[in-house]
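> Chains as they are written, first to last, in this note's numbering: chain A, 59 to 395; chain B, 27 to 441. The beta-carbon is built from N, C-alpha and C at its ideal position, and this holds for glycine as well. Note that the coordinates shown come from a computational prediction; the quantities given were computed from them, not determined experimentally.
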Amino acid sequence: MNEIFPSPAAGPLGRRLRRARGARVPVTVLTGFLGAGKTTLLRRFLGTPEGQGTAVVVNEFGAAGIDDALIRASADETVLLGNGCMCCITRSDLQEALRRMVIERDRGEIPDFRRIVIETSGLADPSPILQTFATDRALGEEFHVEVVVTVIDAENGLDTLGWSSEARKQAILADRLVITKTDIAGESAASALAARLRALNPGAEILEAVSGDLDPTRLTEPVTIERNAFVAEAEHSDGIGSFVLTQDSPMPWPVFARCMDTLIALRGTDLLRVKGFLDVEGCRGPVVVQFVQHLAHPPVELELWPDNNRQSRVVFITRNILEKQVRDLFAAVRALV
Amino acid sequence: MTVTDTGSPNKNAAEPVSWNFKLLAQNDLGGFGGMGEGIAVQIAKDGRRIAWIAHESGPKNFTGVDVTDPRNPKVVVQTELPTTHMRSNSLDLSGDILSVAYQTKKVGQQPAGLELFDVSVPEKPRSISFFDCSGPTSRGVHQLWFCDGEFVHMASGAPDFKPSHPNDDQFYRCIDVRNPSKPVEVGRWWMPGTSATDNVAPPPRHPMDKGYRAHNTNVYPQRPDRLYLCYIDGGMFVMDIKDKANPKVISHWTNSPPYTGFMHTAVPLFDRGLMLVTDESTENNASDWPKLVWILDARDESNLVPISTCPMPPVDAYKDRGGRFGAHNIHENTPVPTAWQSDQIVFGTFFNGGLRAFDISNAYQPKEIAAFVPAAPKGSTIGAIQLNDVYVDERGIVYTVDRFSGGLYVLEMDF
Numbered sequence: 059m060n061e062i063f064p065s066p067a068a069g070p071l072g073r074r075l076r077r078a079r080g081a082r083v084p085v086t087v088l089t090g091f092l093g094a095g096k097t098t099l100l101r102r103f104l105g106t107p108e109g110q111g112t113a114v115v116v117n118e119f120g121a122a123g124i125d126d127a128l129i130r131a132s133a134d135e136t137v138l139l140g141n142g143c144m145c146c147i148t149r150s151d152l153q154e155a156l157r158r159m160v161i162e163r164d165r166g167e168i169p170d171f172r173r174i175v176i177e178t179s180g181l182a183d184p185s186p187i188l189q190t191f192a193t194d195r196a197l198g199e200e201f202h203v204e205v206v207v208t209v210i211d212a213e214n215g216l217d218t219l220g221w222s223s224e225a226r227k228q229a230i231l232a233d234r235l236v237i238t239k240t241d242i243a244g245e246s247a248a249s250a251l252a253a254r255l256r257a258l259n260p261g262a263e264i265l266e267a268v269s270g271d272l273d274p275t276r277l278t279e280p281v282t283i284e285r286n287a288f289v290a291e292a293e294h295s296d297g298i299g300s301f302v303l304t305q306d307s308p309m310p311w312p313v314f315a316r317c318m319d320t321l322i323a324l325r326g327t328d329l330l331r332v333k334g335f336l337d338v339e340g341c342r343g344p345v346v347v348q349f350v351q352h353l354a355h356p357p358v359e360l361e362l363w364p365d366n367n368r369q370s371r372v373v374f375i376t377r378n379i380l381e382k383q384v385r386d387l388f389a390a391v392r393a394l395v
Numbered sequence: 027m028t029v030t031d032t033g034s035p036n037k038n039a040a041e042p043v044s045w046n047f048k049l050l051a052q053n054d055l056g057g058f059g060g061m062g063e064g065i066a067v068q069i070a071k072d073g074r075r076i077a078w079i080a081h082e083s084g085p086k087n088f089t090g091v092d093v094t095d096p097r098n099p100k101v102v103v104q105t106e107l108p109t110t111h112m113r114s115n116s117l118d119l120s121g122d123i124l125s126v127a128y129q130t131k132k133v134g135q136q137p138a139g140l141e142l143f144d145v146s147v148p149e150k151p152r153s154i155s156f157f158d159c160s161g162p163t164s165r166g167v168h169q170l171w172f173c174d175g176e177f178v179h180m181a182s183g184a185p186d187f188k189p190s191h192p193n194d195d196q197f198y199r200c201i202d203v204r205n206p207s208k209p210v211e212v213g214r215w216w217m218p219g220t221s222a223t224d225n226v227a228p229p230p231r232h233p234m235d236k237g238y239r240a241h242n243t244n245v246y247p248q249r250p251d252r253l254y255l256c257y258i259d260g261g262m263f264v265m266d267i268k269d270k271a272n273p274k275v276i277s278h279w280t281n282s283p284p285y286t287g288f289m290h291t292a293v294p295l296f297d298r299g300l301m302l303v304t305d306e307s308t309e310n311n312a313s314d315w316p317k318l319v320w321i322l323d324a325r326d327e328s329n330l331v332p333i334s335t336c337p338m339p340p341v342d343a344y345k346d347r348g349g350r351f352g353a354h355n356i357h358e359n360t361p362v363p364t365a366w367q368s369d370q371i372v373f374g375t376f377f378n379g380g381l382r383a384f385d386i387s388n389a390y391q392p393k394e395i396a397a398f399v400p401a402a403p404k405g406s407t408i409g410a411i412q413l414n415d416v417y418v419d420e421r422g423i424v425y426t427v428d429r430f431s432g433g434l435y436v437l438e439m440d441f
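(1) Starting from A:Gly72, find everything on chain B with Cβ-Cβ shorter than 7 Å and list it in chain order.
(2) In or out: B:His168 buried (at least 16 other Cβ within 10 Å) or exposed?
(3) Can you tell me the Cβ-Cβ gap for A:Thr208 and A:Thr376, rounded? I've got them flagged as a contact below 8 Å.
(4) Alpha carbon to alpha carbon, how far is A:Leu92 from A:Glu266?
(5) Listing by chain order, which chain A residues have their CB less than 7 Å from the CB of B:Ala343?
(6) Residues of chain B with a CB under 8 Å from the CB of A:Asp170: which are they?
(7) Could you tell me whether any Cβ in chain A is nearer than 8 Å to the Cβ of B:Ala396?
(8) Can you tell me which of the three DSSP states A:Arg377 falls into?
(9) Under the three-state reduction of DSSP, which class applies to B:Val424: helix, strand or coil?
(10) Indicate the three-state DSSP secondary structure (helix, strand or coil) for B:Ser431 in the structure shown.
(11) I'd like to know whether the C-beta of A:Phe63 is nearer than 8 Å to at least one C-beta of chain B.
(12) Jot down the residue ranges of each uninterrupted beta strand (DSSP E) in the stretch 304 to 367 of chain A, minimum 3 residues, whole runs only, in chain order.
(13) For A:Ser246, count neighbouring C-beta atoms within 10 Å of its own C-beta (all shown protein chains included) and say buried if the count is 16 or more, exposed if not.
(14) May I have the straight-line CA-CA distance separating A:Arg285 from A:Phe349, to the nearest angstrom?
(15) For chain B, find out if any of its Cβ atoms is closer than 8 Å to the Cβ of A:Gly80; answer yes or no.
(16) Just to make sure I have the definition right: I need the residues of chain A whose C-beta is within less than 9 Å of the C-beta of B:Pro340. Which are they?
(17) What does the Cβ neighbour count give for A:Thr282, buried or exposed, with the cut at 16 atoms within 10 Å?
(18) So, are the CB atoms of B:Phe377 and B:Ser307 less than 8 Å apart?
(19) Please confirm whether B:Arg298 has its beta-carbon closer than 8 Å to some beta-carbon of chain C.
(20) B:Val331 and B:Leu322 look like a contact to me (Cβ under 8 Å); what is the Cβ gap, rounded to whole Å?
(21) Does the pairing of the stretch 148 to 155 of chain B with the stretch 178 to 188 of chain B give three or more beta-carbon distances under 8 Å?
(22) Check the DSSP bridge columns for B:Val362 and list the partner residues they point to.
(23) Measure the alpha-carbon distance for A:Arg102 versus B:Ala292 and round it to whole angstroms.
(24) Leaving aside the five residues before and after B:Phe197 along the sequence, list all residues of the same chain whose C-beta is less than 6 Å from its C-beta, in chain order.
(25) Indicate whether at least one CB of chain B lies closer than 8 Å to the CB of A:Gly142.
(26) Would DSSP call B:Leu318 helix, strand or coil?
(27) Can you tell which of A:Glu279, A:Glu199, A:Ser249 and A:Gln153 has its C-alpha closest to the C-alpha of A:Val400?
(28) So which residues of chain A does B:Ser368 contact, with C-beta pairs closer than 8 Å?
(29) With DSSP run on the structure shown, which of helix, strand or coil describes A:Leu265?
(30) Pull up the distance between the alpha-carbon of A:Leu330 and that of A:Leu188, whole angstroms please.
(31) Applying the criterion that 16 or more other CB atoms from any shown protein chain within 10 Å of the CB defines a buried residue, is B:Glu82 buried or exposed?
(32) By the three-class DSSP mapping on this structure, what secondary structure does B:Phe156 have?
(33) Starting from the N-terminal side, write out each stretch of the alpha helix (DSSP H) that is 4 residues or longer and does not extend beyond the stretch 70 to 119 of chain B.
(34) Between the stretch 361 to 376 of chain B and the stretch 375 to 390 of chain A, do at least 3 Cβ pairs fall closer than 8 Å?
(35) At the 8 Å Cβ level, is B:Phe376 part of the contact set with chain A, yes or no?
(36) Quick one: complete alpha helix (DSSP H) runs, 4+ long, within the stretch 137 to 220 of chain A?
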């Protein structure tokens, strides 16, 4: 359509936005193992001014047994909108739940929610949730995953991280890590857990919350461009590693697109999360890119760089893909384009 | 999936809405917060930023508000109308000259016309001149456009104009104010059939009969030879005003009937070949629904094609809130240094539907991206907000006004 009515004020990727989410509904993905304190954190959040107008989706993901039963029981009593209105949703089909919420909101049948918090069940791998917003075009236009918060309790967290690959993945994919129950576990346990988390996910902000007492903005504010870039190279026992691809000169969009196409085609399932900011040739502002496995979120150009540093910074969290391989791929494609 | 009972639809319909706007301040303008459809922003010589705002009705004429700090707007001046049988619903500013429209309640009353003020000292507006438009069949000026410091384009009656129907008393007039102390009419045009002296038959009356009158009269420097003229029940006209003394019709577009008339504003988006056209809701409880913001394919100005409308919230959720619900004024990309310019975002006021912003990047599928529907302001007699006009300054600060009592709301875009 823009070919017919192009706007000279738009960039190559469309209207420049003030922030990555544009006008979309912000989504917080709250993950963490059963008993870690997600619900406590959430209840406190819903009582704060920042929590007003929040709709909560409890996502089951086919969890079975005791976990499933407890989630259902929990959901039944949960007040899901921060403004005091009830809108309880538990669903295995997240996409349908979210779509239905949009329709019902537009019809005026449910309150006008301003934020979604998706509370995952304990065993959930957050990847499918992140993928949901890339696979469904309609949802991608309505919602934007603002922040992934993983809750880990200081009492059992270290142990859980040891035996559960899901728990490690939750920690690795988080933008923020919240350590709970430090009052019970003691300082040394909390420190040990923090050290382990820092090793797993050096880029994430690590916070502590006792009895759900956390600055509510930590559940709402996206991570800053600087923090996004701050990921030291890390190697994990599951073959999961993270690194930052940087480049100081503007990158032609076809170079980035071709490289990612190739990586997705060959190793999509091992691209756990790719996100960052690119200085794209022809774009005035930074271009926000995000991939989850073989799915790409539509790139968005922001109006302004936050500072004078126009360096491209893209974080890769991968499984058994070496940084050198990615760098070599980018160099090879760049030489050809 | 289980969704708990959320009660009957719209049970929360009357709750205020604030989505992707941040309210910075509200000012009821000293208790005279019933505002019209004129907002202009001046950078005064001392650096202060003054918002000049028209009142919907008397006793106040216009109000100047210091909005240098948008979180703390302060009234710096509020002027009085000379009589109770008039109002000054529209104003515009060019440099330090403020032009104000005077409309009387009935034909034949005075003062009816255009007054120019020197507002170089905002606290002390000084009258420069008055251009009389009163007459036995005139109520004076309803709306005016003044951006280039040279010409006022306005919807006005005239002493020498006799309409063929009493509802058709205001037509397009172009006033040369290059010598602001001696305004002179240089051109006029009315829809054929609306003058008693015309040789063509008067146009058929619409069921609601809001009149065949000029409303907004927009002219932009990108095309100084074009006038974008809305004519209420007559639809809208693209006019050639290269020869101001002889305006000529280039094209005409109307949606009514089957729609319910009252076409209000046309804003061309030159670079995109698009045009925004608004209706005005003038009936309570949405009985004239739907009143919309239309998007037209204007690549060929002689063949305007409607391609979409900006989406509205459910009429059932708003129609019974009190007062009007439907489109009215939009931010017009006023061609002055203090106006925000965009051909991708549309801001509109919708009375009890509040202020709404739309992303029209895809002109075929406008999308609402922000909404602000405050609670009924103090002193409201209808129990609902009635946002009447909107203006966005070059900083991106959004000014919107209530028609009855709420005065000025200052907001920040948060999208």
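Looking at the coordinates:
(1) Residue mapping note: residue 72 of chain A aligns to position 14 of the first sequence, counting from 1. Under the 7 Å cutoff, chain B gives Ser387.
(2) On the second sequence, position 142 is the one that residue 168 of chain B refers to. By the 10 Å Cβ count, B:His168 comes out buried.
(3) Here residue 208 of chain A refers to the residue found at position 150 of the first sequence. Here residue 376 of chain A refers to the residue found at position 318 of the first sequence. Actually they do not touch by this definition, with Cβ atoms about 19 Å apart.
(4) Here residue 92 of chain A refers to the residue found at position 34 of the first sequence. Here residue 266 of chain A refers to the residue found at position 208 of the first sequence. Whole-angstrom Cα-Cα distance: 18 Å.
(5) The residue given as residue 343 of chain B occupies position 317 in the second sequence. Result: Gly166.
(6) For the purposes of this step, residue 170 of chain A is taken as residue 112 along the first sequence, with counting starting at 1. In chain order: Asn38, Glu41, Val43 and Trp45.
(7) Your numbering for residue 396 of chain B matches position 370 in the second sequence. Cβ-Cβ to chain A under 8 Å: yes for B:Ala396.
(8) Residue numbering aside, residue 377 of chain A sits at position 319 when the first sequence is read from its first letter. Three-state result, A:Arg377: strand.
(9) Here residue 424 of chain B is taken as the residue at index 398 of the second sequence, counted from 1. Judged by DSSP in its simplified three-state form, B:Val424 adopts strand.
(10) Locating residue 431 of chain B in the second sequence gives position 405, counting from the first residue. B:Ser431 falls in the coil class under three-state DSSP.
(11) Position 5 of the first sequence, counting from 1, holds the residue named residue 63 of chain A. With 8 Å as the cut-off, A:Phe63 counts as an interface residue toward chain B.
(12) Whole beta strand (DSSP E) segments, 3+ residues: 329 to 336 and 345 to 350.
(13) Position 188 of the first sequence, counted from the start, is the residue given in the question as residue 246 of chain A. It is exposed - the Cβ of A:Ser246 has fewer than 16 other Cβ atoms within 10 Å.
(14) Within the first sequence, residue 285 of chain A is the residue found at index 227, counting from 1. Within the first sequence, residue 349 of chain A is the residue found at index 291, counting from 1. A caution first: A:Arg285 carries a pLDDT of 49, below 50, which makes its placement in the model too unreliable to give a value.
(15) The sequence position of residue 80 of chain A within the first sequence is 22, counting from 1. Yes - at least one Cβ of chain B is within 8 Å of the one on A:Gly80.
(16) Along the second sequence, read from residue 1 onward, the residue named residue 340 of chain B stands at position 314. Simply Asp164, Arg165 and Gly166.
(17) As a first step, residue 282 of chain A is located in the first sequence; it is residue number 224 there, counting from the start. Its Cβ having fewer than 16 others within 10 Å, A:Thr282 is exposed.
(18) The residue labelled residue 377 of chain B in the question sits at position 351 within the second sequence. The residue labelled residue 307 of chain B in the question sits at position 281 within the second sequence. A contact, by the Cβ cut-off of 8 Å.
(19) The structure shown contains no chain C; its protein chains are A and B.
(20) Here residue 331 of chain B refers to the residue found at position 305 when the second sequence is read from its first residue. Here residue 322 of chain B refers to the residue found at position 296 when the second sequence is read from its first residue. B:Val331 to B:Leu322, Cβ: 6 Å. Contact.
(21) no
(22) The residue labelled residue 362 of chain B in the question sits at position 336 within the second sequence. When DSSP reads this structure, B:Val362 sits in no beta bridge, so it has no partner.
(23) Locating residue 102 of chain A in the first sequence gives position 44, where the first residue counts as 1. Locating residue 292 of chain B in the second sequence gives position 266, where the first residue counts as 1. Straight-line Cα distance between these residues: approximately 49 Å.
(24) Within the second sequence, residue 197 of chain B is the residue found at index 171, counting from 1. The answer, listed in chain order, is Trp216 and Ala240.
(25) If you number the first sequence from 1, residue 142 of chain A lands on position 84. Since pLDDT at A:Gly142 reaches only 34, below the 50 mark, its modelled position is unreliable, and the value read off the structure follows with that caveat. Closer than 8 Å: no.
(26) Residue mapping note: residue 318 of chain B aligns to position 292 of the second sequence, counting from 1. Three-state result, B:Leu318: coil.
(27) In the structure as shown, chain A starts at 59 and stops at 395, and residue 400 of chain A therefore has no counterpart that could be examined.
(28) In the second sequence, counting from the first residue as 1, residue 368 of chain B sits at position 342. The answer, in chain order, is Ala67.
(29) Here the question's residue 265 of chain A lines up with position 207 in the first sequence. Note: A:Leu265 maps to strand in three-state DSSP.
(30) In the first sequence, the residue the question calls residue 330 of chain A occupies position 272. In the first sequence, the residue the question calls residue 188 of chain A occupies position 130. Roughly 10 Å between the two C-alpha positions.
(31) Position 56 of the second sequence, counted from the first residue, corresponds to residue 82 of chain B. Buried, because 16 or more other Cβ atoms sit within 10 Å of the Cβ of B:Glu82.
(32) As a first step, residue 156 of chain B must be located in the second sequence, where it is residue number 130. In this structure, B:Phe156 counts as strand in the three-state DSSP scheme.
(33) none
(34) no
(35) Taking the first residue of the second sequence as position 1, residue 376 of chain B is located at position 350. For B:Phe376, the answer is no, since every Cβ of chain A falls outside 8 Å of its Cβ.
(36) 152 to 164, 185 to 193 and 195 to 200
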